[in-house]
Amino acid sequence: MLEILSNKCEAYADDTKILAIIKNFDSILSLQNDIDKVCTWSTDWSTELNFDKCKVLHIGNNNTKFDYDINSKPLNKSNCEKDLGIYIQSDLKWNNQIKNSTTRANRALGCIRKSFKYPRPE
-5 MLEILSNKCE
5 AYADDTKILA
15 IIKNFDSILS
25 LQNDIDKVCT
35 WSTDWSTELN
45 FDKCKVLHIG
55 NNNTKFDYDI
65 NSKPLNKSNC
75 EKDLGIYIQS
85 DLKWNNQIKN
95 STTRANRALG
105 CIRKSFKYPR
115 PE
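Read left to right, the sequence shown gives residues -5 to 116 (this note's numbering).
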């Protein structure tokens, strides 16, 4: 499937991302065309796209935030997506990644603390 797309595409297991730099209306059409090609490919190979997991992440302040669609249904827009364990925000800040990492570290620390026995003060 990757070879039929005109924009950069990254695939890992059952997860595929189409990456495009939108400079003008032609690049918008190119991305929508690639989305349509993926839909056609999935139909041809009898695989079903999970529409609820298909999202658009517009990055940058000057982004036109064009509405893309799959089979005439508009794709949901997201401000933050997880990619191979890293949270990517549309403003390219790290707030969600830091918050998530801190929460996981505190959870691990709590488990470590519970594994030690402390003498009770008398």
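Backbone N, C-alpha and C define an ideal beta-carbon position, used for all residues, glycine too. A quick note: this is a predicted structure, and the numbers were derived from the prediction, not measured.
- In the structure shown, Glu4 adopts extended strand secondary structure according to DSSP, grouped into three states.
- Judged by DSSP in its simplified three-state form, Ser21 adopts helix.
- Under the three-state reduction of DSSP, Thr41 is assigned to coil, being neither helix nor strand.
- Here Glu42 has Ser36 as same chain residues with Cβ atoms under 8 Å from its own Cβ, once five neighbours each way along the sequence are excluded.
- For the options Lys17, Leu(-4), Ile92 and Asn1, the alpha carbon positioned closest to that of Asp8 is the one of Leu(-4).
- Within the same chain, Cβ atoms closer than 6 Å to the Cβ of Ile53 are found at Ser84, the five residues on either side in sequence being excluded.
- For Leu51 and Asn100, the gap between their C-alpha atoms comes out near 29 Å.
- A distance below 8 Å separates the beta carbons of Lys31 and Ile(-2).
- Secondary structure within the stretch 57 to 86: the beta strand (DSSP E) runs of 3 or more consecutive residues, fully enclosed, are 70 to 72, 74 to 77 and 80 to 83 (chain order).
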